[in-house]
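**Q** Input: one structure, supplied below.
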Amino acid sequence: AQTVTQSQPEMSVQEAETVTLSCTYDTSESDYYLFWYKQPPSRQMILVIRQEAYKQQNATENRFSVNFQKAAKSFSLKISDSQLGDAAMYFCAYRSLRFYTGTASKLTFGTGTRLQVTL
Amino acid sequence: DTGVSQNPRHKITKRGQNVTFRCDPISEHNRLYWYRQTLGQGPEFLTYFQNEAQLEKSRLLSDRFSAERPKGSFSTLEIQRTEQGDSAMYLCASSPQGWQPQHFGDGTRLSIL
Chain A
8 AQTVTQSQPE MSVQEAETVT LSCTYDTSES DYYLFWYKQP PSRQMILVIR QEAYKQQNAT
68 ENRFSVNFQK AAKSFSLKIS DSQLGDAAMY FCAYRSLRFY TGTASKLTFG TGTRLQVTL
Chain B
3 DTGVSQNPRH KITKRGQNVT FRCDPISEHN RLYWYRQTLG QGPEFLTYFQ NEAQLEKSRL
63 LSDRFSAERP KGSFSTLEIQ RTEQGDSAMY LCASSPQGWQ PQHFGDGTRL SIL
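Chains as they are written, first to last, in this note's numbering: chain A, 8 to 126; chain B, 3 to 115.
Printed below as a string of structure tokens:
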């Protein structure tokens with residue numbers, strides 16, 4: 008079974024600064040997806056960025072980028088030019104790419120990192 | 003695209019009562035998922051539907067839990083004889099066929115008195 012670990016329960020960053028959230032995972036599979044989801048207080052979870060394991064190039068979405076280290080099973084999220092609206096819980100998630108019916112679809116989440124953005 | 007809709011947003015009930023939650027996925031998304039999120043934890047997978055077929059259930063889904071998706075559109079999650087440990091946020095997500103990411107609803111927060 009796959010596991011996802013987020014070792015930083017809380018992080019704080021000043022507005023306009025850069026912050027990196029850590030995520031490690033454990034799997035015996037070679038093909039999978041990794042995701043970062045954002046969950047603002049009392050609001051729905053939204054996808055921030057995703058990475059296909061077979062791609063060596065790190066994914067980037069505007070101010071959000073990842074550092075994917077497949078051998079180390081590490082998947083960190085970097086937020087540049089932090090904004091007040093970035094304050095939220097951030098979850099790292101894993102999804103298998105195996106073609107077993109159903110098994111390939113579910114997400115396995117870490118415990119989350121609460122990001123505070125200060126003025 | 004009106005998003006994934008979940009009702010009710012909040013349910014308060016006494017221990018031992020039955021509760022039912024509803025999820026309306028994004029139209030034409032044939033995959034639907036239920037997750038449970040307890041305080042301070044990430045969501046945990048409960049069950050998964052492809053169209054009307056329930057293809058996977060987690061061991062977390064005890065006999066008191068049942069989920070349906072009768073016509074491959076909306077889904078219901080029922081908990082019978084609720085217990086204190088059932089208090090959580092129940093999240094629904096949907097996705098189209100293929101490797102597209104899941105879209106989540108706002109969740110239903112269940113509080114057991």
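Note that the Cβ used here is the ideal one computed from N, Cα and C, for glycine as well.
Run through the DSSP bridge pairs and tell me what L41 (chain B) is partnered with.
**A** To locate residue 41 (chain B), count along the second sequence from 1; it is residue 39. Looking at the DSSP assignment, L41 (chain B) forms no beta bridge with any residue, so it has no partner.
**Q** Could you check where the beta strand (DSSP E) with A95 (chain A) kicks off and where it finishes?
**A** Within the first sequence, the letter at position 88 stands for residue 95 (chain A). 95-103 is the span of the beta strand (DSSP E), which, as asked, contains A95 (chain A).
**Q** If we ignore side chains and look at the alpha-carbon of each, how far apart do R24 (chain B) and A69 (chain B) end up?
**A** Here residue 24 (chain B) refers to the residue found at position 22 when the second sequence is read from its first residue. Here residue 69 (chain B) refers to the residue found at position 67 when the second sequence is read from its first residue. Rounded to the nearest angstrom, the two C-alpha atoms are 10 angstroms apart.
**Q** Taking G44 (chain B) as the query, report the chain A residues whose CB atoms sit under 7 angstroms from its CB, ordered along the chain.
**A** In the second sequence, counting from the first residue as 1, residue 44 (chain B) sits at position 42. What G44 (chain B) touches in chain A: F98, F116, G117, T118, G119.
**Q** Does G109 (chain A) get closer than 8 angstroms to chain B when you measure Cβ to Cβ?
**A** Here residue 109 (chain A) corresponds to residue number 102 of the first sequence, with the count starting at 1. Model confidence at G109 (chain A) stands at a pLDDT of 49, short of 50, so the residue's coordinates are unreliable; what they give is reported in the following sentence. Output row for G109 (chain A): interface = yes.
**Q** Just the chain B side, please: which residues come within less than 9 angstroms of Y40 (chain A) by C-beta, in chain order?
**A** In the first sequence, residue 40 (chain A) corresponds to position 33, counting from 1. Those are W101, P103, listed as they occur along chain B.
**Q** Could you compute how far the alpha carbon of T84 (chain B) sits from the alpha carbon of A23 (chain A)?
**A** One-based indexing of the second sequence puts residue 84 (chain B) at position 82. One-based indexing of the first sequence puts residue 23 (chain A) at position 16. T84 (chain B) and A23 (chain A): Cα-Cα distance of roughly 46 angstroms.
**Q** Quick one, which residues of the segment 21-55 of chain B are near chain A if we go by CB-CB under 8 angstroms, in chain order?
**A** So the close ones are R33, Y35, Y37, G42, Q43, G44, P45, E46, F47, Y50, Q52.
**Q** So, for P47 (chain A): in the same chain, excluding its five sequence neighbours on each side, which residues have a beta-carbon less than 7 angstroms away from its beta-carbon?
**A** Here residue 47 (chain A) refers to the residue found at position 40 when the first sequence is read from its first residue. Result list for P47 (chain A): A95, in chain order.
**Q** Inspect the beta-carbon positions of Q40 (chain A) and W36 (chain B) and report whether they are closer than 8 angstroms.
**A** On the first sequence, position 33 is the one that residue 40 (chain A) refers to. On the second sequence, position 34 is the one that residue 36 (chain B) refers to. According to the sequence displayed, residue 40 (chain A) carries Tyr and not Gln. No. Outside cutoff.
**Q** Please go through the same chain and pick out, in chain order, the residues whose beta-carbon is closer than 6 angstroms to the beta-carbon of T25 (chain A), but skip the five residues on each side of it.
**A** What you label residue 25 (chain A) is simply residue 18 of the first sequence in a count that begins at 1. Result list for T25 (chain A): S87, in chain order.
**Q** I want to verify the contact list: residues of chain B whose CB lies under 9 angstroms from the CB of R50 (chain A), in sequence order.
**A** Locating residue 50 (chain A) in the first sequence gives position 43, counting from the first residue. Neighbours of R50 (chain A) on chain B, chain order: D108.
**Q** Below 8 angstroms on the Cβ atoms is my contact criterion, and I expect I14 (chain B) with S113 (chain B) to pass it. Report the Cβ-Cβ distance as a whole number of Å.
**A** Within the second sequence, the letter at position 12 stands for residue 14 (chain B). Within the second sequence, the letter at position 111 stands for residue 113 (chain B). Contact holds; Cβ gap of about 5 angstroms.
**Q** Who are the Cβ neighbours of D38 (chain A) in its own chain at under 7 angstroms, not counting the five residues just before and after it?
**A** By one-based count along the first sequence, residue 38 (chain A) stands at place 31. Cβ neighbours of D38 (chain A) beyond the five flanking positions: A60, Y61, L104.
**Q** In terms of DSSP beta bridges, what is D65 (chain B) paired with?
**A** Locating residue 65 (chain B) in the second sequence gives position 63, counting from the first residue. Answer is none; D65 (chain B) lacks a bridge partner.
**Q** How would you write the range of the beta strand (DSSP E) that F42 (chain A) sits in, first residue to last?
**A** By 1-based counting over the first sequence, the position of residue 42 (chain A) is 35. That run of the beta strand (DSSP E) goes 39-46.
**Q** DSSP beta-bridge partners for Q123 (chain A)?
**A** Stepping through the first sequence from its first residue, residue 123 (chain A) is reached at position 116. Answer by DSSP bridge pairing, in chain order: A:S19.
**Q** Flag this pair as touching only if the segment 10-23 of chain A and the segment 115-126 of chain A have three or more C-beta atom pairs under 8 angstroms; answer yes or no.
**A** Flag = yes, the segment 10-23 of chain A and the segment 115-126 of chain A touch.
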